[in-house]
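Heads up: the sequence shown at position 260 corresponds to 260 in full-length UniProt numbering, and the numbers run straight through without jumps. We put the beta carbon where it would ideally sit given N, CA and C, even for glycine. Working notes for the structure below.
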Amino acid sequence: MTAARRRTIVAELCDAFDVSQRRACRALGVNRSGLRYAPMHSDERLALALRIEVLAGEHPRYGYRRIWAMLRREGWSVNKKAVHRLWRQSGLKLAGPRAVHKPRRPHGQDINGCHLRPSLGKDDVWTCDFIFDRTSDGRSLKWLSLIDEYTRECLSLEARRGMTAEEIREILSEVVARRGAPPHRVRSDNGPEFAAEAVRSYLEESGSGTLYVAPGSPWQNGFAESFHSKLRDEFLELEEFESVPQALALAALWKEDYNTERPHSSLGYLTPTEFSATRERYMPIEEEEEPHDAPPTEQLRG
């Protein structure tokens with residue numbers, strides 16, 4: 001029986017026996033919420049379908065859930081099921097293979113039982129890492145990302161042919177100046193650039209602790225790994241860079257879109273910028289004397 005037919009029968013029952021809609025629905029075993037549904041007009045449905053196709057074209061690696069979140073942000077009053085239905089009817093699919101979801105590890109530990117300190121608030125832990133790509137002439141392109149683990153904001157996205165510890169220090173200094181204060185801690189891997197004296201001394205002078213990832217344990221920097229999967233999936237694989245300046249210009253646009261337009265499922269489909277605006281800077285209840293970790297590379301050499 002169609003929803004329209006159910007509404008007609010309930011209305012007739014209410015008129016014939018002078019009962020409320022609630023009693024009529026209870027007698028017929030009909031859900032009242034279904035009677036309040038207002039079907040979308042064909043023109044509105046067509047406009048929605050076209051908008052879904054446009055958004056899917058602009059963001060080929062977004063699924064229907066993220067497209068739904070973007071529609072809601074634009075003011076569309078539509079539920080997730082309706083978007084999924086129109087998505088399928090339009091023949092839309094994610095470009096590329098489906099992601100393989102790995103089981104979540106408990107917060108505070110890695111799979112070897114080593115302690116992994118989670119971020120407790122905005123500007124508590126920043127994580128930085130490298131990811132590699134190439135320009136169209138085949139030459140290497142080294143990207144450095146800097147992420148706020150709590151708000152998921154991309155604080156910096158820089159590319160060079162190669163990157164020194166001094167350049168990393170300059171990037172950190174620029175972000176701290178823009179942010180207004182240094183983070184409580186910085187998480188990074190055991191690469192020589194991050195463990196170099198130039199970076200370590202700057203963080204110590206700024207009052208930031210260090211959290212070094214153990215060698216061969218990328219899961220200890222899971223936020224960087226997750227961000228880099230999105231970066232490669234939604235940006236690096238879709239663009240061809242002719243030069244470093246062009247790569248930086250396109251990265252600035254993508255970073256802005258990522259922070260201000262891309263809904264994040266773990267943030268309740270808010271963008272990182274929106275979520276950050278609802279949070280105050282993290283301030284530890286008791287400021288502890290935080291020892292700086294020895295770089296894992298040094299531990300290995302011993």
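Practice item. Scan the segment 163–204 and note each continuous alpha helix (DSSP H) run of 4 residues or more that stays entirely inside, going in chain order. Key: 165–179 and 192–195
Check your understanding: Closest to Thr127 by CA distance: which of Leu231, Arg178 and Arg185 is it?
Key -> Against the sequence shown, residue 127 aligns to sequence position 127. It is Arg185.
Review point. By the 10 Å Cβ neighbour count, where 16 or more other Cβ atoms means buried, how is Phe132 classified, buried or exposed?
Key: Mapped onto the sequence shown, residue 132 falls at position 132. The residue is exposed, with fewer than 16 neighbouring Cβ atoms inside 10 Å.
Practice item. Assuming Phe130 and Leu120 form a contact by the criterion Cβ under 8 Å, report the distance between their Cβ atoms to the nearest whole angstrom. Key: Position 130 of the sequence shown, counted from the start, is the residue given in the question as residue 130. Position 120 of the sequence shown, counted from the start, is the residue given in the question as residue 120. About 26 Å separates the two Cβ atoms, so there is no contact after all.
Review point. For Val125, which three-state DSSP category applies?
Key: Working through the sequence shown from its first residue, we reach residue 125 at position 125. DSSP places Val125 in strand when its eight states are reduced to three.
Exercise for review: Drop a sphere of 10 angstroms on the beta-carbon of Ser20, count the other beta-carbons inside from all chains shown, and report buried for 16 or more, exposed for fewer.
Suggested key: Residue numbering aside, residue 20 sits at position 20 when the sequence shown is read from its first letter. Classification of Ser20: exposed, given that the 10 Å Cβ count is below 16.
Point to revise | Between the CA atoms of Pro263 and Glu74 - distance to the nearest angstrom | key: As a position in the sequence shown, residue 74 is number 74, starting the count at 1. As a position in the sequence shown, residue 263 is number 263, starting the count at 1. Whole-angstrom Cα-Cα distance: 12 Å.
Practice item. Kindly indicate the opening and closing residues of the beta strand (DSSP E) around Tyr150. Key: Looking up residue 150 in the sequence shown gives position 150. No beta strand (DSSP E) contains Tyr150, which DSSP labels as neither H nor E.
Review point. Hey, out of Ser42, Ala16 and Arg7, whose CA is closest to Cys25's CA?
Key: The residue labelled residue 25 in the question sits at position 25 within the sequence shown. When each option's Cα is compared against that of Cys25, the closest is Arg7.
Point to revise | Close-in-space but distant-in-sequence residues of the same chain around Glu280 (CB under 8 Å, 5 per side omitted) | key: As a position in the sequence shown, residue 280 is number 280, starting the count at 1. Cβ neighbours of Glu280 beyond the five flanking positions: Gly121 and Lys122.
Point to revise | Proximal residues to Leu250 (C-beta, below 6 Å), its chain only, five neighbours per side dropped | key: As a working mapping, residue 250 is identified with position 250 in the sequence shown. So the qualifying residues of the chain are Glu239.
Review point. Rounded C-beta distance between Leu48 and Val10? I'm assuming under 8 Å.
Key: Looking up residue 48 in the sequence shown gives position 48. Looking up residue 10 in the sequence shown gives position 10. About 28 Å separates the two Cβ atoms, so there is no contact after all.
Review point. Looking at the structure shown, is Tyr212 part of a helix, part of a strand, or coil, going by DSSP?
Key: In the sequence shown, counting from the first residue as 1, residue 212 sits at position 212. Strand.
Check your understanding: Whose C-beta lies closer than 8 Å to the C-beta of Tyr202 among residues of the same chain, with five residues either side of it excluded?
Key -> Within the sequence shown, numbered from 1, the residue matching residue 202 stands at position 202. Contacts found: Arg169, Leu172 and Ser173.
Review point. From Tyr282 to Gly209, what does the alpha carbon distance come to, in whole angstroms?
Key: Within the sequence shown, the letter at position 282 stands for residue 282. Within the sequence shown, the letter at position 209 stands for residue 209. Spanning the two alpha carbons is a distance of roughly 14 Å.
Practice item. With DSSP collapsed to three states, give me the class of Arg160. Key: Taking the first residue of the sequence shown as 1, we reach residue 160 at position 160. In this structure, Arg160 counts as strand in the three-state DSSP scheme.
Point to revise | Residues that DSSP places opposite Ser140 in a beta bridge | key: One-based indexing of the sequence shown puts residue 140 at position 140. Partner(s): Arg134.
Practice item. Can you give me the start and stop residues for the alpha helix (DSSP H) that Pro245 sits inside? Key: Within the sequence shown, residue 245 is the residue found at index 245, counting from 1. That run of the alpha helix (DSSP H) goes Val244 to Thr260.
Point to revise | Neighbourhood of Ile67 by C-beta, 8 Å cutoff - its chain only, sequence neighbours within 5 removed | key: Taking the sequence shown and counting its residues from 1, the one referred to as residue 67 is at position 67. Ile52, Leu55, Ala56, His59, Val83 and Trp87, listed in sequence order.
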